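Heads up, my numbering is the position in the sequence shown plus 20, with the first residue counted as 1. For every residue, glycine included, the Cβ atom is placed at its ideal position computed from N, Cα and C. Here the structure is a predicted model, which is why all the values come from computation and not from measurement. Notes follow the structure.
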Amino acid sequence: MNTTVSERRIRNNRIRRRCELRRRFITCILTLILTAGFSLAFFSFRTKAQGSDEEILYKYYKSVVVEAGDTLWNYADEYGNKEHYRSHQDYIDEVMQMNGLTDDNITKGQHIILPYYSSEFM
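And the structure:
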């Protein structure tokens with residue numbers, strides 16, 4: 021009778037170990053799947069891939085001599101790329117900051133630096 025109890029206990033221990041091993045294996049696989057899923061989701065939101073059909077624009081600066089009748093608004097019309105500036109005022113604010121201007125008044129003969137975007141790489 022002792023051997024049957026002992027054999028039963030050994031068999032129950034084997035079954036318990038198999039169940040525990042199976043549980044650990046499933047937990048490990050689920051952890052790997054969840055980690056991979058969260059990683060993919062996180063990095064796909066942070067990545068901004070450029071499509072092959074999108075034009076790449078490079079930012080450049082040019083020095084101009086102000087002519088009679090020129091205003092920062094004229095320069096904003098000519099150089100203020102709508103993809104990079106929300107409005108002409110944003111462009112003018114950048115030009116004023118770059119050139120140390122306190123207002124948007126410019127005078128004939130004055131040299132100012134203007135930012136612009138171009139698809140040509142120089």
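Residue i classed as buried or exposed, judged by whether at least 16 other C-beta atoms fall within 10 angstroms
i    : result
A96  : buried
I35  : exposed
G100 : buried
V115 : buried
I126 : buried
L41  : exposed
Residues of its chain near residue i, where Cβ-Cβ distance is below 7 Å and the 5 sequence neighbours each way are ignored
i    : result
A88  : K128
Y105 : Y111
Beta-ladder partner(s) of residue i, from DSSP
i    : result
V84  : I132
K174 : Since the first residue shown for the chain is 21 and the last is 142, residue 174 is missing from the structure and cannot be characterised.
Anticipated Cβ contact below 8 Å, residue i with residue j, distance rounded
i   : j    : result
E75 : S139 : 5 Å
Can at least three beta-carbon pairs, one atom from the region 131-140 and one from the region 76-90, be found at a separation below 8 Å?
yes
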